[in-house]
Every structure is written in C-alpha cells, then in structure tokens.
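Heads up, the sequence shown is in full-length UniProt numbering, so the first residue is 1 and it goes up one at a time.
No residue lacks a Cβ here, since even glycine has one placed at the ideal position from N, Cα and C.
Note that the coordinates shown come from a computational prediction; the quantities given were computed from them, not determined experimentally.
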Amino acid sequence: MSLDAPSLSAHELRDRLESRPVSEREVLLEGMVWDVVRDTVDLGEAGTVRREYVLHPGAVGTVAMDDKGRILLVQQYRHPVGHYDWELPAGLLDVEGEPPWEAAARELHEEADLTAGTWNVLVDHFASPGGLSEVLRLFLARDLASVPHEERHQREAEEHGMPVRWVDLNEAVAAVLTGRLHNPAAIIGILTAYAARELDWGTLRPYDAPWPEHPAYR
1 MSLDAPSLSA HELRDRLESR PVSEREVLLE GMVWDVVRDT VDLGEAGTVR
51 REYVLHPGAV GTVAMDDKGR ILLVQQYRHP VGHYDWELPA GLLDVEGEPP
101 WEAAARELHE EADLTAGTWN VLVDHFASPG GLSEVLRLFL ARDLASVPHE
151 ERHQREAEEH GMPVRWVDLN EAVAAVLTGR LHNPAAIIGI LTAYAARELD
201 WGTLRPYDAP WPEHPAYR
C-alpha cells in the first residue's frame, strides 16, 4: 500500500452496498443448514469470475449485560475447530418472517434463561466475506430478568448441559487481548460493548435499526 494513497474523510468511511450481476449459479452441495454455491460474477472492466462460497441465512447474537457490568457467556463445543468456545448467546435467522431482535430474544431465552427489558443494536458484521455470505447483527441487552423455571427451554445436542457464566466486561476484554477467547462474534461483541461503554453508549442504535446488509431486510 502506497504511503501516497489519499485519506478517507469520516463521511466517506463506510462500506458500499453494491452487488455485482450474477449470470449463473450452481449449487455444489445442499447442506442441512447452508449450501455451497458457485456464482459466475460480472466485475465489469475486470471481467467475469467464478466464486464458490457458503450460502448462509445469517445470525444474531446478544451481549447481555447486568447492572454489575458483567456479561453472560455460554460454552459450546464446535466440532470443525475441535474447541469448547466461550460465546455469546446466538443463533441462526432460520425462522421465516421473524424480526432479528425477536430472534435474538428467543435465543437469549433458550440458551441463557434470560429476558431483557432494553434492547439496542451494538454492531453488524460479516463473518468471513471472502467465502461465506453470513451477516451477523449483535445486540446489547440490559434490564435483565430470569425466565421462570417452568418456562425454560430444554436444551439438546451441543447445548445440552451447556455451561452458562457471568464475567466482568473488563476481564472479558483482557481474555480477548491475551488470546484466550477465539469465537469471532464473542470477540467483536466484547470489544464493541467495551468501546460503546467508554463512549457512554452514544453509539448504540435502536433495536429495529435498518439492516440493509442482510438481503432479507433490505
């Protein structure tokens, strides 16, 4: 990168939503949750290219913070990497017509036995934009309450017996920066929540803020 490259103004510092034309799509693998596809893409002057990637429905996650400045993390086994990861309560956007904030509330209920009285959008991000179409929205949930025992979700598979723990946000930041946490949504959520708190929460958006980066919510 040249030292002579021009600088970006604050107004210009934003990603651009512009999908290039696709002349052909092949489904290489139909998976249980997501598919692998191959697109033929017109890049204009750069010509036509073929790109293979995972077609993903998107996901939501929640930084649930109590009045002591602690956040809630869950530990799940992730087979592809052979790790038990500390993560945020999160899940797929796989219920047709369900708004993102309702999906986040459902996952918080199911994975952490919590409800929240105050919801805000914390940050949006792409999981791995070079090979995965997954778009994630992370929420900040506050004014928390426990779900009554008789209304709690029965967890199965990787969620069965899943540890659920509170951790001070400052300690979570230290765990990220010293290489002890690896889940990308957890890392992004922890660091963003810390930064937002340092800015007195002035960067938070409404729970139903526009989300044009996700194709289903444009």
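Quick one: does residue i have its CB under 8 Å from some CB of chain B?
| i | result |
| --- | --- |
| residue 208 | Any reference to chain B falls outside this structure, which holds one protein chain only. |
Span of the beta strand (DSSP E) holding residue i?
| i | result |
| --- | --- |
| residue 118 | 114-126 |
| residue 135 | 135-146 |
| residue 52 | 48-55 |
| residue 192 | Premise fails: residue 192 lies in the alpha helix (DSSP H), 184-198, not in any beta strand (DSSP E). |
From the options, pick the residue whose C-alpha is nearest to that of residue i; which is it?
| i | options | result |
| --- | --- | --- |
| residue 188 | 86, 34, 4 | 86 |
| residue 140 | 174, 213, 71, 110 | 71 |
| residue 107 | 168, 66, 88 | 88 |
| residue 227 | 18, 51, 82, 196 | An answer regarding residue 227 cannot be provided, because it is not within the stretch 1 to 218 covered by the chain. |
| residue 168 | 63, 210, 3 | 63 |
| residue 82 | 199, 203, 182, 215 | 182 |
| residue 154 | 210, 14, 111 | 111 |
| residue 78 | 198, 192, 196, 162 | 162 |
| residue 227 | 211, 74, 9, 199 | The shown model of the chain, from 1 to 218, leaves out residue 227, and the question about it has no answer. |
Between which residues of its own chain and residue i is the CB-CB distance below 6 Å, once the five residues before and five after are set aside?
| i | result |
| --- | --- |
| residue 92 | 57, 59 |
| residue 28 | 36, 38 |
| residue 145 | 115 |
Quick check on DSSP: helix, strand or coil for residue i?
| i | result |
| --- | --- |
| residue 166 | strand |
| residue 204 | coil |
| residue 221 | Because residue 221 is not part of the residues shown, which for the chain are 1 to 218, the question remains open. |
| residue 177 | helix |
| residue 108 | helix |
Within its chain, find whatever has a CB closer than 8 Å to the CB of residue i; leave out the 5 residues flanking it on each side and keep chain order.
| i | result |
| --- | --- |
| residue 208 | 99, 101 |
| residue 143 | 116, 117, 118 |
Cutting at 7 Å between CB atoms, please list the residues of its own chain near residue i, excluding the five before and the five after it.
| i | result |
| --- | --- |
| residue 42 | 20, 21, 23, 48 |
| residue 172 | 71, 190 |
| residue 103 | 60, 91, 93, 95 |
| residue 211 | 100, 124, 137, 217 |
*Complete runs of the beta strand (DSSP E) confined to the region 24-105 [at least 3 residues]*: As for any beta strand (DSSP E) of minimum length 3 sitting wholly inside the region 24-105, the runs are 35-42, 48-55, 59-64, 70-78, 83-87, 90-92, ordered along the chain.
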